[in-house]
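Undergrad: Take any residue in the sequence shown, note its place counting from 1, add 178, and you have its number in this note's numbering.
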Amino acid sequence: MAILTLAHFSVDFCGGLMIPLPEPTLVQHLGVALPRVALLVGGAAIVINVVQPVSAWLLPARGMPVILAAAPAAAALITCIGLTHSYALVGAMLIVSGIGIGMLHPEGALAAHCVAGKRKGFGMSIFLSGGYFGYASGSLTSGIWVEHTNQNITHLWILAAPALLTTFLVFASGLHRLEGHVAKEDESAAKGKFPFVPVFALAACIALTLCTYVRFITVWLVRRFPGEAAQGWGGATVFAGGLAGALGGIFWGHVSDRWGRPQIIAFAQLLAMPFLFLVLRVQSPNMAPVWGVGFGLTLGAVFPLSVVLAQNSRGLAQRLRMALAIGGAWGLGEVGFILGSRYIGRFPETAHEPVHLILSLCGLGAAITAALCGLLIWLQRREERLPAATSAANS
Numbered sequence: 179m180a181i182l183t184l185a186h187f188s189v190d191f192c193g194g195l196m197i198p199l200p201e202p203t204l205v206q207h208l209g210v211a212l213p214r215v216a217l218l219v220g221g222a223a224i225v226i227n228v229v230q231p232v233s234a235w236l237l238p239a240r241g242m243p244v245i246l247a248a249a250p251a252a253a254a255l256i257t258c259i260g261l262t263h264s265y266a267l268v269g270a271m272l273i274v275s276g277i278g279i280g281m282l283h284p285e286g287a288l289a290a291h292c293v294a295g296k297r298k299g300f301g302m303s304i305f306l307s308g309g310y311f312g313y314a315s316g317s318l319t320s321g322i323w324v325e326h327t328n329q330n331i332t333h334l335w336i337l338a339a340p341a342l343l344t345t346f347l348v349f350a351s352g353l354h355r356l357e358g359h360v361a362k363e364d365e366s367a368a369k370g371k372f373p374f375v376p377v378f379a380l381a382a383c384i385a386l387t388l389c390t391y392v393r394f395i396t397v398w399l400v401r402r403f404p405g406e407a408a409q410g411w412g413g414a415t416v417f418a419g420g421l422a423g424a425l426g427g428i429f430w431g432h433v434s435d436r437w438g439r440p441q442i443i444a445f446a447q448l449l450a451m452p453f454l455f456l457v458l459r460v461q462s463p464n465m466a467p468v469w470g471v472g473f474g475l476t477l478g479a480v481f482p483l484s485v486v487l488a489q490n491s492r493g494l495a496q497r498l499r500m501a502l503a504i505g506g507a508w509g510l511g512e513v514g515f516i517l518g519s520r521y522i523g524r525f526p527e528t529a530h531e532p533v534h535l536i537l538s539l540c541g542l543g544a545a546i547t548a549a550l551c552g553l554l555i556w557l558q559r560r561e562e563r564l565p566a567a568t569s570a571a572n573s
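(1) To the nearest angstrom, how far is it from the Cα of residue 179 to the Cα of residue 392?
(2) Quick test of your reading: residue 203 and residue 329, contact by CB under 8 Å. State the CB separation rounded to the nearest angstrom.
(3) Beta-carbon separation of residue 428 and residue 315 under 7 Å?
(4) Once DSSP output is grouped into helix, strand and coil, what is the label at residue 257?
(5) In whole angstroms, give me the CA-to-CA distance for residue 252 and residue 562.
(6) Can you name the start and end residues of the alpha helix (DSSP H) that residue 456 belongs to?
(7) Who pairs with residue 373 in a beta bridge, going by DSSP?
(8) Check the C-beta distance from residue 206 over to residue 505 and give it rounded, since I have them as a contact under 8 Å.
(9) Within a Cβ cutoff of 6 Å, which residues of the same chain sit near residue 588, ignoring the five residues on either side of it in sequence?
(10) Nearest to residue 219 by CA position, among 269, 208, 447 and 258, is which residue?
(11) In its own chain, which residues sit with a C-beta less than 6 Å from the C-beta of residue 525, not counting the 5 before and 5 after it?
(12) Measure the C-alpha to C-alpha separation of residue 480 and residue 276 and round it to an integer number of angstroms.
(13) Look up residue 480 in the DSSP assignment and say whether it is helix, strand or coil.
(14) If you check the beta carbons only, do residue 514 and residue 399 fall under 7 Å apart?
(15) For residue 274, which residues of its own chain have a beta-carbon under 8 Å away from its beta-carbon, when the five flanking residues on both sides are left out?
(16) Taking DSSP as the reference, what is the three-state secondary structure of residue 307?
(17) Do you know whose CA, among 383, 378 and 455, lies nearest residue 395's CA?
(18) Which residue wins for smallest C-alpha separation from residue 594, given the options 352, 461, 236 and 323?
(19) To the nearest angstrom, how far is the alpha carbon of residue 453 from that of residue 469?
(20) First and last residue of the alpha helix (DSSP H) that includes residue 351?
(21) Is residue 268 helix, strand or coil by DSSP?
(22) Taking the alpha helix (DSSP H) that residue 518 belongs to, which residues open and close that run?
(23) Which residues in the same chain as residue 547 place their Cβ atom closer than 6 Å to its Cβ, once the five residues preceding and following it in sequence are excluded?
(24) Starting from residue 207, trace the alpha helix (DSSP H) in both directions and tell me its first and last residue.
(25) Under three-state DSSP, which class holds residue 283?
(26) Just the Cα atoms here: how many angstroms apart are residue 559 and residue 477?
(27) Just how far apart, CA to CA, sit residue 557 and residue 502?
(28) Taking residue 397 and residue 439 to be in contact with their CB atoms under 8 Å, please state how far apart those CB atoms are, rounded to whole angstroms.
(29) Excluding sequence positions up to five away, which residues of its chain have a Cβ less than 8 Å from the Cβ of residue 534?
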């Protein structure tokens with residue numbers, strides 16, 4: 179489990195490097211406006227998420243564990259974007275890297291689910307916490323990098339080290355020859371507490387809310403507090419929320435094994451509301467990470483539970499359900515990022531009000547997520563009553 183979690187950390191570390199960079203770093207580096215940068219970054223992120231269900235559909239149903247070694251090496255290519263100013267070449271690097279990042283997620287999640295034993299919620303939270311921490315660490319690292327190098331990303335390739343180390347450890351441990359992590363009986367979708375469609379809607383709503391927050395919080399801080407090292411504080415905000423999400427995910431995963439996953443997800447959405455309110459009303463960028471911790475501990479920490487719900491749902495094959503719950507959900511989040519950037523592009527480049535408006539919609543996303551949890555709880559109770567009603571009718 180430790181190496182699987184490290185693999186998740188390393189690929190999402192590479193993905194997280196892009197979070198603080200769209201404005202002003204990539205705008206200056208590529209010489210294009212924010213909407214074109216958003217199309218590049220968001221499009222590459224969509225590749226990450228489209229690859230997951232596509233690979234689950236095309237690759238062998240019993241798994242292809244060599245992906246656990248190859249994916250981190252491919253993901254590391256994202257660190258080379260500073261070596262060229264070509265929009266097309268940077269896009270190509272992001273696509274190849276995105277394929278590596280995307281393919282690791284369903285394969286790693288299935289392997290983690292296998293080794294988790296009976297504590298599925300806790301085990302999956304451990305695995306996914308590696309991704310949260312990696313994403314957050316990548317964001318913090320690149321935010322500090324550009325602040326201290328005056329937006330120079332030429333030597334960003336140095337940060338490929340964690341991914342390459344992970345590839346070595348996967349080979350050394352023999353995980354690339356793992357067998358049995360997709361059990362034959364799990365490939366059928368005949369049984370499960372919930373139908374997959376509402377579970378996917380729940381995962382997508384959480385991912386869209388988180389993606390909106392993560393993608394736009396640094397842009398808003400840079401525009402709201404110009405000249406105050408806001409880009410670095412934006413990276414720190416994402417890092418603080420991601421670290422809190424990783425730790426909170428372990429806690430919520432443990433609690434959910436007893437109290438129920440939809441119940442815990444709904445509770446976390448309600449707890450997140452005050453922290454979102456506070457982070458969007460800071461008077462200094464250095465306060466954003468403080469309230470970002472609370473947002474990460476609550477809304478940011480419960481996405482792994484939606485993945486466990488998807489694994490235990492009915493409809494579609496197990497690999498495809500897992501891939502859609504992770505990749506498909508976050509892919510919709512990246513579509514939201516692109517559309518939001520197009521909206522922001524209608525305003526002056528320094529206007530922070532439209533960014534604030536989009537971030538405020540995260541509150542609506544949390545409310546819809548809580549409502550979907552209510553639907554799942556109702557479905558669960560209805561199915562629990564059906565056997566009793568059938569037995570009474572037969573007697």
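The C-beta atom is built at its ideal place from N, Cα and C for all residues, glycine as well. No experiment lies behind these values; they were computed from the predicted model shown.
TA: Working from what's here:
(1) Computed Cα separation, rounded: 27 Å.
(2) Yes, residue 203 and residue 329 are in contact; Cβ-Cβ is about 5 Å, under 8 Å.
(3) Taking a C-beta distance under 7 Å as the contact criterion, residue 428 and residue 315 do not qualify as a contact pair.
(4) It is helical.
(5) Cα atoms of residue 252 and residue 562: separation of roughly 46 Å, rounded to the nearest angstrom.
(6) Its alpha helix (DSSP H) spans residues 439-457.
(7) 492.
(8) Going by Cβ atoms, the distance from residue 206 to residue 505 rounds to 31 Å, so no, they are not a contact pair.
(9) What is shown of the chain runs 179 to 573, which leaves residue 588 out entirely.
(10) The shortest Cα separation from residue 219 among 269, 208, 447 and 258 belongs to 269.
(11) Excluding positions up to five away in sequence, the list reads 532.
(12) If you draw a straight line from the Cα of residue 480 to the Cα of residue 276, it is about 24 Å long.
(13) The answer is coil: DSSP assigns residue 480 none of H, G, I, E or B.
(14) Cβ atoms of residue 514 and residue 399: not closer than 7 Å.
(15) Hits under 8 Å: 252 and 255.
(16) In the structure shown, residue 307 sits in a helix (DSSP, three-state: H, G or I).
(17) Per the Cα distances, 455.
(18) No information on residue 594 is available, as it lies outside the stretch 179 to 573 that the chain covers here.
(19) Those two C-alpha atoms are separated by around 6 Å.
(20) Note, residue 351: alpha helix (DSSP H), 339-351.
(21) Residue state, collapsed to three classes: helix.
(22) Unbroken alpha helix (DSSP H) run through residue 518: 507-522.
(23) Only 383, 384 and 447 meet the Cβ criterion.
(24) Here the alpha helix (DSSP H) through residue 207 covers 205-208.
(25) Here residue 283 carries a helix assignment [DSSP, helix/strand/coil].
(26) Taking the Cα positions, residue 559 is about 24 Å away from residue 477.
(27) Roughly 21 Å between the two C-alpha positions.
(28) Rounded, the Cβ-Cβ distance is 32 Å, inconsistent with contact.
(29) The residues are 398, 402 and 458.
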